[in-house]
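Shown next, in structure tokens, is the structure this report addresses.
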Amino acid sequence: MNTKRWVAIAIAAAIVIFTISLPSRQTEKDKNLESLLSQNGLVENVLQEGSSRKIAKLTIDGTISSQSSGSIFSEAAYDHDFFIQALNEIYNDDNVSAVFLEVNSPGGGVYESAEIARLIKEIQTDRKLPLYVSMKNMAASGGYYVSASADKIFATEETMTGSIGVIMSGLNFAEMLDDLGVEDTTVKSGEMKDVGSSTRKWTDKDHEVLQSMINNSYDRFVNIVSEGRGMDEKVVREIADGRIYDGKQALENGLVDAIGFPEEALAALQEDHDLKDATVFEYELNTGYFSKNFPFLNVFTKQDIFQSKKATTQTELLQQIENPDTPQMMYLYGGE
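Here's what the structure looks like:
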């Protein structure tokens, strides 16, 4: 790790310690510090100069989740809030004439995937904007879910896509706890309050309840693909058993429209919709000083830092930092 990064980490640690020690009322110094760390909306980064008509390039790179996958040592590859904000900017920008989406993702949360798909559909329906997708290494499960309504989908022969389905991963430690003489002493108001518990043996009712949720989510996924691709629902179900496809197989099964790399997909969008002279741009965060010069400090958002002042004990602070995993449905290739 280079000297600059160590210095940045030290600065971040000092800021956290400093803000915890501050009184609850925000002072002028707090506001100045907050402004240094602030992220003030989106700015456009022009990739290809052109006319006033614009093609907005979006990128999904990484697991589709509202939880940052980054750490103090690395940046998150996918920022859900940023992506949703970008979609809203496109919706409200009359100069945007088309959307070009690059996807490199194994999928992710069912809620986050549905949120993206809904906003994309609104852009297509209300704004009548063409949207082309270019699948890179992987566009599986939720990565395919958000792509399904595109006017054209491109994949390379090496792309891994498909994995249409829902998964809820977890482990059960009940037998191990029995062997260790550890008893689950959970007290609950109803039989199913701890459905999916990892510390007791599952009942048939557990499986029934969770499977019904999985089935409902799967039906929604099938419907998204059926409508987006103009395919009969029965045909979709035949190929939507969770398996993955390479680009060639996806083309043969009607999941993509053409084989091609991102530059070929973008060229096709420009050709098909008479946008060869359009400006191509992507959104970037308009960051404050520290975020601009030390991007890996973005994991310490202003909200996290300034809210941490409310912690009055070590236990309360740890409760703010911790984010324990809970069973959840995922449109995700390979599980959690």
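By this note's numbering, the letter at position 70 of the sequence shown is numbered 102, and the numbering carries on one by one without gaps.
C-beta atoms are modelled at their ideal positions from N, C-alpha and C, and glycine is treated no differently.
Buried versus exposed, by CB contacts within 10 Å (16 or more), residue i
{"i": "Ser181", "result": "buried"}
{"i": "Gly140", "result": "buried"}
{"i": "Thr243", "result": "Here the sequence assigns Gln to residue 243, which means Thr is not the residue at that position. Classification of Gln243: exposed, given that the 10 Å Cβ count is below 16."}
{"i": "Lys220", "result": "exposed"}
{"i": "Arg275", "result": "exposed"}
{"i": "Gly194", "result": "buried"}
{"i": "Glu144", "result": "buried"}
{"i": "Ser249", "result": "buried"}
{"i": "Leu301", "result": "buried"}
{"i": "Leu298", "result": "buried"}
{"i": "Met170", "result": "buried"}
Which of helix, strand or coil DSSP assigns to residue i
{"i": "Met208", "result": "helix"}
{"i": "Lys153", "result": "helix"}
{"i": "Gly194", "result": "strand"}
{"i": "Leu364", "result": "strand"}
{"i": "Glu76", "result": "strand"}
{"i": "Leu317", "result": "strand"}
{"i": "Thr91", "result": "strand"}
{"i": "Ser221", "result": "coil"}
{"i": "Ser83", "result": "strand"}
Inter-residue CB distance, residue i and residue j (contact presumed, cutoff 8 Å)
{"i": "Leu364", "j": "Ile199", "result": "6 Å"}
{"i": "Ile96", "j": "Ser129", "result": "26 Å between Cβ atoms; not a contact."}
{"i": "Lys168", "j": "Glu134", "result": "6 Å"}
{"i": "Met245", "j": "Met361", "result": "6 Å"}
Residue closest to residue i, alpha-carbon to alpha-carbon, out of the options
{"i": "Gln117", "options": "Glu314, Met361, Val135, Asp289", "result": "Glu314"}
{"i": "Val288", "options": "Ile148, Glu270, Ala187, Asp236", "result": "Ala187"}
{"i": "Ala149", "options": "Thr191, Gly175, Asp126", "result": "Gly175"}
{"i": "Met224", "options": "Leu161, Val241, Lys266", "result": "Val241"}
{"i": "Val165", "options": "Arg159, Val178, Ser173, Asp158", "result": "Val178"}
{"i": "Gly73", "options": "Met361, Asn247, Tyr143, Asn318", "result": "Asn318"}
{"i": "Glu190", "options": "Gly286, Thr91, Ser84, Phe293", "result": "Phe293"}
{"i": "Ala310", "options": "Leu283, Lys233, Lys280, Asn127", "result": "Asn127"}
{"i": "Glu316", "options": "Gly94, Gly82, Ser98, Asp111", "result": "Asp111"}
{"i": "Lys369", "options": "Ile152, Ile185, Ser83", "result": "Absent from the model: residue 369. The displayed extent of the chain is 33 to 368, so no value can be given."}
{"i": "Leu163", "options": "Leu151, Ala172, Ser230", "result": "Leu151"}
{"i": "Ser98", "options": "Val142, Leu119, Ser84", "result": "Val142"}
Closer than 7 Å: residue i CB and nearest the ligand PLP heavy atom
{"i": "Leu307", "result": "Among the ligands in the structure shown, none appear at all, so the ligand PLP cannot be discussed."}
**Asked** Going along the chain, which unbroken runs of the beta strand (DSSP E) with 3 or more residues stay wholly within the stretch 233 to 312?
**Response** Those beta strand (DSSP E) runs which fall completely within the stretch 233 to 312 and span 3+ residues are 276 to 278.
**Request:** Entirely within the stretch 108 to 193 and at least 4 residues each: give me those alpha helix (DSSP H) ranges in chain order.
**Result:** Entirely contained in the stretch 108 to 193, the alpha helix (DSSP H) runs reaching 4 residues are, in chain order, 112 to 124, 142 to 158, 174 to 177.
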